[in-house]
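The next block holds one structure in the form of structure tokens; read it before the comments.
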Amino acid sequence: MDKPTPRKRILVVEDERHISEGIRVNLQLQGYDVKISETGPAGLSDWKHWQPDLVVLDIMLPGIDGITVLKSIRLEDERLPILILSAKGSAEDRVNGLANGVDDYLSKPFNLDEFLLRIDRLLKRDSWLKPEPDSAPVESLDSYSFGSNKIDFKQALAFCKGQEVSLTEQELRLLRMFIANRGKVLSRGEILETAWGFSKSLTTRTVDNFVARFRKYFEDDPKHPEYFKSRRSVGYVFDH
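Position in the sequence shown (from 1) plus 1 gives the number in my numbering.
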């Protein structure tokens, strides 16, 4: 595993002290700065004031449950990496977490090495999505315009071809990734792993389907795209 960037901040919102202390010790051994919150309200307060780079969040918490904490964070920060760590591991619980904007989900009991790898991957993904120093910070953009198109990230809307289109969380993530890396060719594997956390080896037309959707939204002639261009056998590039 690559050595993490020194002193990345990780907030662990977990009320079971034997679990939280074990997580703290192992994350600190990896070079992270770690803060523990034992209740939902404390977790929200520490998130606002400590400004972590990543949050590890239990679902069953005193005061406010983890899903409510997750929803509150997502109202103000769509990009902060959040990993849910919970004894509630049913498919329904996972879908509920993903639907509310969680980036990853591990069920208790969990494998420590897998946990640390997932933390490392989420932080790398967040870093990879950040734009070049001389460009506008994409994560802080409320809107972005290209051609006659406009994307409103706060309202999750696109204004294109005289129409208003509602955008999903998955579409917003991919659009942010394209904008942060405009002019760079992105492989399908990179998009799958970085934007959505899937395995690079996954065989799927998901990326192609999303790009086809963007062309329908934003291109005057989807068959001859001006912005969302293909690079044969490689992937896609946002040209703007």
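The C-beta atom is built at its ideal place from N, Cα and C for all residues, glycine as well.
- Residues of the same chain with a CB within less than 7 angstroms of the CB of K109, apart from the 5 flanking positions on each side, are L86, S87, A88 in chain order.
- By the C-beta density criterion, P42 is exposed, having fewer than 16 other C-beta atoms within 10 angstroms.
- Exposed is the label assigned to L118, since fewer than 16 other Cβ atoms lie within 10 Å of its Cβ.
- Spanning the alpha carbons of D143 and S21 requires a straight line of approximately 35 angstroms.
- Ranked by how close their Cα comes to the Cα of A181, the residues S188, T207, F147, F239 have F239 in first place.
- With a cut-off of 8 angstroms on Cβ pairs, the segment 159-176 is in contact with the segment 213-227, counting three or more such pairs.
- Around the beta carbon of M178, a 10 Å sphere encloses 16 or more other beta carbons of the protein chains shown; the residue is thus reported as buried.
- A straight-line Cα-Cα distance of about 11 angstroms links R80 and L124.
- Judged by DSSP secondary structure, E15 falls outside any alpha helix (DSSP H); it is assigned neither H nor E.
- By alpha-carbon distance to R126, the top candidate from L71, E191, G163 is E191.
- The C-alpha of N97 is placed about 27 angstroms away from the C-alpha of R25.
- Taking a cut-off of 8 angstroms for Cβ pairs, the segment 6-15 and the segment 40-57 touch, as three or more such pairs fall below it.
- In the structure shown, Q164 adopts extended strand secondary structure according to DSSP, grouped into three states.
- Sequence-distant Cβ neighbours of N150 in its own chain, meaning closer than 6 angstroms and more than five residues away, are C161, F219.
- Where I74 is concerned, the enclosing alpha helix (DSSP H) starts and stops at 67-77.
- Linking A213 to T40 through their CA atoms gives a straight-line distance of about 44 angstroms.
- In this model, P63 and I37 are separated by some 14 angstroms (Cα to Cα).
- Just so you know, the alpha carbons of R174 and A196 end up roughly 6 angstroms apart.
- When C-alpha distances from N112 are compared across K224, E227, R206, G23, the shortest belongs to G23.
- Distance check between I120 and each of S73, V35, H19, G163 places V35 closest, using alpha-carbon atoms only.
- When the five nearest sequence neighbours on each side are left out, the beta carbons in the same chain lying within less than 8 angstroms of the beta carbon of D153 are those of D143, S144, A159, F160, in order along the chain.
- If you draw a straight line from the Cα of E227 to the Cα of K185, it comes to about 15 angstroms.
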